[in-house]
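Here the sequence shown stands for residues -16 to -1, 1 to 208, where the numbers follow mature numbering (1 follows the signal peptide of the UniProt record, and there is no 0). All C-beta atoms in this analysis are idealised placements derived from N, C-alpha and C, irrespective of residue type, glycine included. Since we're looking at a predicted model, the values are computed, not measured.
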Amino acid sequence: MKLLLLTTLLLPLTTAFTPPTAFTATKPPSTSTRLNENFGLYLPNLNDTDDITPDLLKGEANYKQWVGSIEDDSFLNRQYDVLARIRELGLLGKTVDSGLLSNLEKQGVDLETIESLLPTLQKLKVLEITGNNQQMLLNLLAPPLVEGAPLLIPILSGAVGVGPIAFFGASAGLLGLEFALSSSGAQIPFVGLSAAFYLGLILVPLAGVSGGLGIALGAAGKNK
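Quick look at the structure:
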């Protein structure tokens, strides 16, 4: 009887200290959200020069490829057809008719003389420079020379017939014109630019070429 009474008294106490399972809180699984500092945008690596450099600035080859992707027949990738234009203009026949070859022979310039210049040109790396800049030379220098050859060939033939003095005179005349433009302060009409500076970019190189041809022609005549 006493045992039953003691059990009846302790049963409410034990149930009071037992947490109800229905109200046990369960912690939901944590989900981590990764925050991107670039907000979904592509930010290149500033330490990688290939990554931050535009394609059109990655050298001449890549630049030509980029231009070719935009324009198939671009001036940069198009090569001036020298042989076709020489044939179309009939420059070989005009050279023979002008007497240029005969005048060169009179001044002592023949195939043997030209062949003797090849080692000198090779030492000066003229041939190497020409080969490395073939595209630029064909597209920048060849067109004015070939297209203007019908007018230049008779003048050149006459100058060769006169001798080195003609080239020295032309060189002195070009330099004198440059000096006159510089001293007078002449300007190019309508644009107001300095004639001495901008025309000098053409006159001074032509004077140098003319003087060089006179020296070469004189040296060939001495070795005749």
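- Leu183 and Ala154 have their alpha carbons spaced roughly 16 Å apart.
- Assigned with DSSP and collapsed to three states, Gln63 falls in coil, not helix or strand.
- Per DSSP, the unbroken alpha helix (DSSP H) holding Gly115 starts and ends at Val110 to Asn116.
- In the structure shown, Gln119 falls within a helical segment according to DSSP collapsed to helix, strand and coil.
- Burial check for Phe151: the Cβ neighbour count within 10 Å reaches 16 or more, so the residue is buried.
- Ranked by how close their Cα comes to the Cα of Arg71, the residues Val130, Ala156, Ile186 and Ser53 have Val130 in first place.
- In its chain, beyond the 5 residues on either side, no residue has a beta carbon closer than 8 Å to the beta carbon of Ile139.
- Taking the Cα of Leu135 as reference, the smallest distance to any Cα among Ser168, Lys78, Asn117 and Ile199 is reached at Lys78.
- Straight-line measurement puts the Cα of Asn46 at about 39 Å from the Cα of Ser194.
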